[in-house]
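Numbering of the sequence shown is given in this note's numbering, commencing with residue 24 and proceeding in unit increments.
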Amino acid sequence: MTPPDYEYLRKLLKDHSGLDLSADKQYLIESRLLPLARKCGLSGIPDLVTKVRGGSSSHIAQVVEAMTTNETFFFRDKVPFDHFRDTMMPEILKARAARRSVRIWCAAGSTGQEPYSLAMCLKEMSAALAGWRVEIVATDLSQEVLEKSKAGIYSQFEVQRGLPIQMLVKYFKQSGEFWQVNPELRAMVQHRQLNLLHDFSQLGAFDIIFCRNVLIYFDQDTKINIFNRLARLVEADGFLVLGAAETVVGLTDTFKPVPERRGLYRPNAARAAAAGAVMPRVAAAAAGR
């Protein structure tokens, strides 16, 4: 791959996905795009770049897909799900007692392990949530991973990564070498393709937003822009959950850390009031009880 081709692909990826590759990541592009070039029947990356430069939307989408990291597993990092069970939901249950509904957004839902982990947590609280409308919206840039998430089918290796055996038995059905999330749990999750670089205000307001392990790939200006737009979608008493290597500190004052709760943030009430009202909630059919 020539230096001009690499620079072209760097700009393409940043413009289409926000992925900000440094100048020394040529090996990463080569390792991921060479198999794609061969899959497309091309001789190598230069031919693939020629197709992309020619405006082939299908090849552009495949390049972005190949370069997007979709590493995930059930109850990843554990701590955010402890916070969800022990801190966030108890407060939401009190604050939403009159409305009896909760909306949660997984902003990088990937192949579904995160939204289904949250769905399992909510099912474990079914007594407290009886009669509530529960909605989990899972979005991702990649349509391919969203289709896998919709199907809810995982290999033995995938279900062994972080998923407690009692939850596997309770919420999955085995079919040969694979396990499928049961229909009731799958019905709790809505899937939508979404690029965080684009406007997402149409999603409406949420009580809780999980946006973990995706902003680390963006440059500072892009992070600030996304944080400020996320702030307009979180209810004033809601929560934002980031990955262990991510923070709002030093980037924006629209959120503030929750003391002694790593990765957990709340809207800054004063800043939110100055920025304007939260986005309107969107009506949704009951996705889970």
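Where a beta carbon is used, it is the ideal one built from N, C-alpha and C, also for glycine.
Residue i classed as buried or exposed, judged by whether at least 16 other C-beta atoms fall within 10 angstroms
i: E258; result: buried
i: D163; result: buried
i: A309; result: For A309, the pLDDT reaches just 35, beneath the cut-off of 50, and the residue's location in the model is therefore unreliable, although a value from the coordinates is still provided. It counts as exposed.
i: I188; result: exposed
i: E181; result: buried
i: E137; result: buried
i: V157; result: buried
i: T25; result: exposed
i: L219; result: buried
i: R13; result: Residue 13 is absent from the structure shown; the chain starts at 24 and stops at 312.
i: D105; result: exposed
Other residues of its chain near residue i: CB distance less than 6 Å, five sequence neighbours each side excluded
i: M143; result: M190, Y194
i: R209; result: G175
i: G299; result: Confidence at G299 is low in this model, with a pLDDT of 48, below 50, so the placement of that residue should be treated as unreliable; the coordinate-derived value is given next. Contacts found: none.
i: L65; result: L71
i: H39; result: V87
Own chain, CB closer than 7 Å to residue i, minus 5 neighbours either side, in chain order
i: D260; result: A118
i: D100; result: A267
i: F173; result: The residue you asked about is not Phe; residue 173 is Lys in the sequence shown. Taken in chain order, the residues that qualify are H214.
i: V204; result: Y139, G175, Y194, F195
Cutoff 8 Å; reference residue i; Cβ partners in own chain excluding five residues on either side
i: A292; result: A259
i: D28; result: I68, P69, V72
i: Y288; result: F262, L263, V264, L265, V271, F278, K279, P280, V281
i: L256; result: W128, F223, S224, L226, G227, A228, F229, I232, V301, M302
i: K74; result: C63, L65, H82
8 Å Cβ cutoff met for residue i and residue j
i: S133; j: W155; result: no
i: S178; j: E207; result: no
i: I159; j: L186; result: no
i: M111; j: I231; result: yes
i: Q216; j: L169; result: yes
i: P290; j: T270; result: no
i: A161; j: V237; result: no
i: R235; j: P58; result: no
Supposed contact pair residue j and residue i - C-beta distance, whole angstroms, cut 8 Å
i: V86; j: L56; result: 6 Å
i: V272; j: P282; result: The pair is not a contact, with the Cβ atoms about 13 Å apart (cut-off 8 Å).
i: A130; j: F233; result: 7 Å
i: L42; j: L36; result: 4 Å
i: L44; j: R61; result: In fact, because the Cβ distance is near 22 Å, the residues do not count as touching under 8 Å.
i: R96; j: R184; result: Here residue 96 is Phe; the residue named in the question, Arg, does not match the sequence. With a Cβ gap of about 4 Å, F96 and R184 count as contacting.
Strand pairing of residue i, partner residues [DSSP]
i: C129; result: A161, F233
i: F201; result: S178, S198
i: Q216; result: D163
i: F262; result: I231
i: F107; result: Bridge partners of F107: none, in fact.
i: S124; result: R156
i: V314; result: Since the first residue of the chain shown is 24 and the last is 312, residue 314 is not available in this structure.
i: F278; result: P290
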